[in-house]
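Numbering (this note's numbering), first residue to last: 422 to 933. From the three backbone atoms N, C-alpha and C, an ideal C-beta is built for every residue, glycine too.
Okay, structure coming up:
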């Protein structure tokens with residue numbers, strides 16, 4: 422009895438850190454601003470067959486419709502109610518997506534906007550995605566309902582009512598983030614309304630939540646909400662499974678609020694990861710890939726089992742949020758694929774792949790003045806469908822990085838090497854590096870300005886392997902380069918610095 426009880430407690434403590442992906446699936450993809458009907462199709466036709474564990478979706482609850490600028494992506498982060506209608510679709514379409522994705526073993530993670538409602542200047546009326554009436558000036562949101570009593574105006578000590586000083590913890594958590602009406606999450610009524618929304622989504626079948634703007638909430642308020650959440654729907658999850666929680670906490674160092682303040686609630690987004698990896702792959706500030714030998718906690722990141730990691734996200738790929746100019750994105754495809762490849766091969770953290778839409782960038786004095794532009798849309802503001810081209814890429818300005826062969830194959834690589842140790846590191850003191858994952862996989866990078874020709878210990882069983890970057894194994898053939906591992910585990914790697922993708926990855930499921 423005693424040992425069983427202990428296991429129960431340990432299981433409970435670990436619950437919200439476990440991503441709830443099916444066994445052997447190790448990554449999720451953020452299908453940013455996709456419609457629910459397109460996500461349902463993508464789960465069935467692509468994500469499930471290629472080993473993706475889940476999808477982070479855009480906020481599914483009603484938001485204000487902003488027309489100046491024209492329907493920006495960030496209007497999704499200005500709630501009006503917790504009704505499930507947005508430009509991604511209505512509640513029927515949402516339920517259908519969750520069911521269909523769960524039925525093929527791909528789970529749904531909701532971006533939960535619970536720190537605030539819409540901006541203070543959003544006006545009054547029914548210009549919202551379900552047509553609900555609201556009045557931002559009087560803080561009246563009858564569709565929830567919230568009233569002026571449910572906001573933090575009285576607690577905020579800044580002059581403007583907005584956050585002015587990020588070194589003042591109370592301001593960061595009690596004042597308005599860029600004028601967004603800040604909910605009084607210490608009130609049990611407000612906590613209950615938020616939990617009611619999240620529980621409604623749990624009943625539908627979601628697997629977890631990204632907690633937007635967690636840094637702007639007191640950790641104990643977040644905990645009080647999470648404590649009200651149900652276990653996941655037993656139709657798709659084993660009894661007693663808690664929702665996976667990952668909290669958006671931008672902690673690049675230098676501020677009093679730390680990611681570690683939130684470990685009690687779940688994982689945190691490790692923004693240092695993409696900022697540092699981008700600096701290394703770009704070779705800025707004297708950084709070299711050789712320095713990645715102790716990547717992870719050795720670089721001052723949060724513990725691996727508390728980290729949600731990514732090369733870029735929907736904010737910092739357009740200069741918002743955190744990371745600055747070093748962030749690599751689809752706009753720099755060659756370096757980006759290397760960075761994502763490194764992330765997916767390395768054991769640190771739980772990995773999220775980005776899937777973006779293109780927008781017409783326009784730089785004025787170093788800043789993209791079009792960083793607000795929303796998803797590809799028709800003239801009436803409705804979001805365009807994700808079309809699939811004959812070569813499996815996407816049309817309608819959907820970038821679909823998760824469908825790029827190199828990235829999709831590295832998602833599979835991570836699944837194959839899951840649980841294997843980081844091993845057989847090699848570097849040339851510069852930007853040629855290699856490492857293995859036990860006896861299951863091996864990856865080699867040449868980010869130097871000269872050719873690479875080296876024999877390395879792979880730790881892999883002897884055989885002919887298909888490089889999953891230049892091609893892939895199809896039947897008993899290889900569409901890319903072949904690598905020969907000898908009986909002692911050694912293999913020769915030749916990578917030109919001018920190669921389309923100057924890296925090579927092999928794993929035991931790509932053995933011919």
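- With 16 or more neighbouring CB atoms inside 10 Å of its own CB, residue 777 falls in the buried class.
- Here residue 452 really is in contact with residue 478; their C-beta atoms are around 6 Å apart, less than 8 Å.
- In terms of Cα proximity to residue 732, the closest of 542, 887, 758, 519 is 758.
- For the pair residue 670 and residue 643, the CB atoms are not nearer than the 8 Å cut-off.
- With a threshold of 16 other beta carbon atoms within 10 Å, residue 924 meets it and is buried.
- Residue range 609 to 625 is occupied by the alpha helix (DSSP H) that includes residue 618, with no beta strand (DSSP E) assigned at that position.
- Following the DSSP letters along the chain, one finds residue 831 inside the alpha helix (DSSP H) bounded by residues 826 to 838.
- The secondary-structure analysis by DSSP pairs residue 632 across a beta bridge with 533, 668.
- Look at residue 566 here: in three-state DSSP terms it is coil, with no helix or strand label.
- When DSSP reads this structure, residue 885 sits in a beta bridge with 905.
- A distance of 8 Å or more separates the beta carbons of residue 533 and residue 648.
- Take residue 788, set aside five residues on each side of it, and the residues of its chain with a beta-carbon closer than 8 Å to its own are 740, in chain order.
- Within the same chain, 888, 891 come within 6 Å of residue 902 by CB-CB distance, once the 5 residues on both sides are set aside.
- Only buried fits residue 664, as 16 or more other CB atoms lie within 10 angstroms of its CB.
- In the structure shown, residue 815 falls within a strand segment according to DSSP collapsed to helix, strand and coil.
- Within the segment 701 to 770, the beta strand (DSSP E) runs of at least 3 residues that lie entirely inside it are, in chain order, 728 to 730.
- A distance below 7 Å between beta-carbons, with the five flanking residues on each side excluded, links residue 675 to no residue of its chain.
- For residue 821, DSSP records no beta bridge to any residue.
- Taking each of 484, 932, 683 in turn and checking the Cα distance to residue 546, the smallest one comes out for 484.
- When secondary structure is reduced to three states using DSSP, residue 456 falls in the coil class, being assigned neither helix nor strand.
- Relative to the Cα of residue 856, the nearest Cα in the group 827, 810, 765, 883 belongs to 765.
- A contact is defined here as three or more CB-CB pairs under 8 Å, and the segment 704 to 714 meets this definition with respect to the segment 854 to 874.
- At the C-beta level, residue 481 and residue 531 come within 8 Å of one another.
- Pairwise C-beta distances place the segment 581 to 601 out of contact with the segment 613 to 620, as fewer than three of them are shorter than 8 Å.
- DSSP places residue 518 inside the alpha helix (DSSP H), whose first and last residues are 512 to 524.
- Using a Cβ distance threshold of 8 Å, residue 793 and residue 500 do not count as a contacting pair.
- Per DSSP, the unbroken alpha helix (DSSP H) holding residue 594 starts and ends at 590 to 595.
- For residue 645, the enclosing alpha helix (DSSP H) begins and ends at 640 to 647.
- Under the three-state reduction of DSSP, residue 899 is assigned to strand.
- Between residue 622 and residue 526, the CB-CB gap reaches or exceeds 8 Å.
- Counting every other CB atom within 10 Å of its CB across the protein chains shown gives residue 496 a total of 16 or more, marking it as buried.
- For the pair residue 449 and residue 473, the Cα-to-Cα distance works out to about 6 Å.
- When the five nearest sequence neighbours on each side are left out, the beta carbons in the same chain lying within less than 6 Å of the beta carbon of residue 847 are those of 855, 877, in order along the chain.
- Under the DSSP assignment, residue 601 falls in the beta strand (DSSP E) whose first and last residues are 601 to 603.
- The three-state secondary structure of residue 926, taken from DSSP, is strand.
- In the DSSP assignment, residue 793 falls outside any beta strand (DSSP E) and carries neither an H nor an E.
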